[in-house]
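To start, the structure under review is shown below, and the notes come after it.
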Amino acid sequence: MAGPFAPSETHKLLAGVEQQMEERTLRKEQVRCIKKLRLEKRVLCAADDAKEQKRKLVFPFQVVKMPTLDEFRHRIMMQNKPVIITGAMEFWPALGRAAGPDRAWKNEEYIRRVAGLRTVPVELENNGTDSGNPGSQAAPSNKLGYLAQHRLFDQIPALGRDIVTPDYCTVQRANHTNDGEDEDITINCWFGPGGTVSPLHFDRKDNLLCQVVGVKYVRLYAPEESEKLYAMEGLLSNTSQVQVENPDNNKFPEFCHAKYVECILSEAQAGSDVCYRFGSNRCMLEVTRRS
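Be aware that the sequence shown starts at 1011, since it is given in the working numbering, and climbs by one per residue.
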């Protein structure tokens, strides 16, 4: 009954079996390709991390080991001193040390299981080639997508339980205490691939930037350098026009004279980017090598 005159139902059955076999073969090939890409990604990430760690810092941040709250306020915050704080994140489940590797954010399967089906806002940028122009109209295919400054933990509480708000965030510049209230503390999350570059910009609040996965190069300019940073006009007036790692010296001649401090923020480190008083703020450049 399998010859050329076999009933049409038999042909349909055989066609269905063939289609299922093709789909199964395709799925196996897709899984193989995904595994290959993940392996290549790990190799590239390791190379990127090693390269970034070897970057020679000319004006590095000071590194401090878990200062007390009083030391943090008087020696760091009130003196507007950017520092790297070590030892303050060791017990975070997101690092996979306190709660085991199953909740580590390095574990892609965990992130996919907990947050894989959520819709989040994504920003696009040109792999750092246009960091001085966030409004660029370059083709989307040339851009990197990344999650930036999003209150992700309000949306996905399970991820919020993987971190602990550092006590340093409760320290205020004024002489009064906040009686345990933390309504002024804003917690945002960034997820992005290696090569993501945030344009040089300033924030109006003191920042404590905690690195969970990968490494990030951070550069800070003091407020008195603002005239040399060539701010944009209009809504992006807090953002520099300069592509910091590849500046146009003819267009922005004073930029090369601007003084700065810099650091490489590694996993389990917190960078304290404290703002100047009276509304003046440091300008910050962030380059994500892997996160």
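We treat Cβ as the ideally placed atom computed from N, Cα and C, and that holds for glycine.
From a predicted model like this one, the values you see are computed outputs, not experimental measurements.
Comparing alpha-carbon positions, which option in the options lies nearest residue i?
| i | options | result |
| --- | --- | --- |
| residue 1163 | 1134, 1183, 1196 and 1179 | 1196 |
| residue 1263 | 1239, 1249, 1082 and 1223 | 1239 |
| residue 1181 | 1194, 1247 and 1172 | 1194 |
| residue 1067 | 1134, 1271 and 1023 | 1271 |
| residue 1176 | 1070, 1073 and 1278 | 1278 |
| residue 998 | 1266, 1035, 1097 and 1088 | Outside the shown range of the chain (1011 to 1301) lies residue 998, about which nothing can therefore be said. |
| residue 1179 | 1075, 1218 and 1171 | 1218 |
| residue 1172 | 1242, 1114 and 1237 | 1114 |
Where does residue i fall in DSSP's three states?
| i | result |
| --- | --- |
| residue 1212 | strand |
| residue 1100 | coil |
| residue 1280 | strand |
| residue 1201 | strand |
| residue 1229 | strand |
| residue 1304 | The question about residue 1304 has no answer, for the chain in this structure spans 1011 to 1301. |
| residue 1072 | strand |
| residue 1159 | strand |
| residue 1125 | helix |
| residue 1219 | strand |
| residue 1247 | coil |
| residue 1110 | coil |
| residue 1270 | strand |
Hey, residue i and residue j are a contact pair by Cβ (cut 8 Å); roughly how many whole angstroms apart?
| i | j | result |
| --- | --- | --- |
| residue 1226 | residue 1169 | Residue 1226 to residue 1169, Cβ: 19 Å. No contact. |
| residue 1198 | residue 1159 | 5 Å |
| residue 1156 | residue 1204 | Not quite, the Cβ-Cβ distance comes to about 10 Å (not below 8 Å), so this is no contact. |
Does the beta-carbon of residue i have 16 or more other beta-carbons within 10 angstroms, so that it is buried, or is it exposed?
| i | result |
| --- | --- |
| residue 1250 | buried |
| residue 1230 | buried |
| residue 1029 | exposed |
| residue 1234 | exposed |
| residue 1019 | exposed |
| residue 1093 | buried |
| residue 1184 | exposed |
| residue 1266 | exposed |
| residue 1126 | exposed |
| residue 1228 | buried |
| residue 1026 | exposed |
| residue 1031 | exposed |
If we count Cβ pairs, one from each stretch, closer than 8 Å, do we get three or more for the stretch 1079-1091 versus the stretch 1102-1117? no
With contact counted as at least three CB pairs below 8 Å, one residue from each stretch, are the stretch 1107-1114 and the stretch 1203-1219 in contact? No, the stretch 1107-1114 is not in contact with the stretch 1203-1219.
Stretch-stretch touch, CB-based, cutoff 8 Å, three pairs: the stretch 1252-1260 with the stretch 1218-1225: At 8 Å Cβ cutoff, the stretches do not touch.
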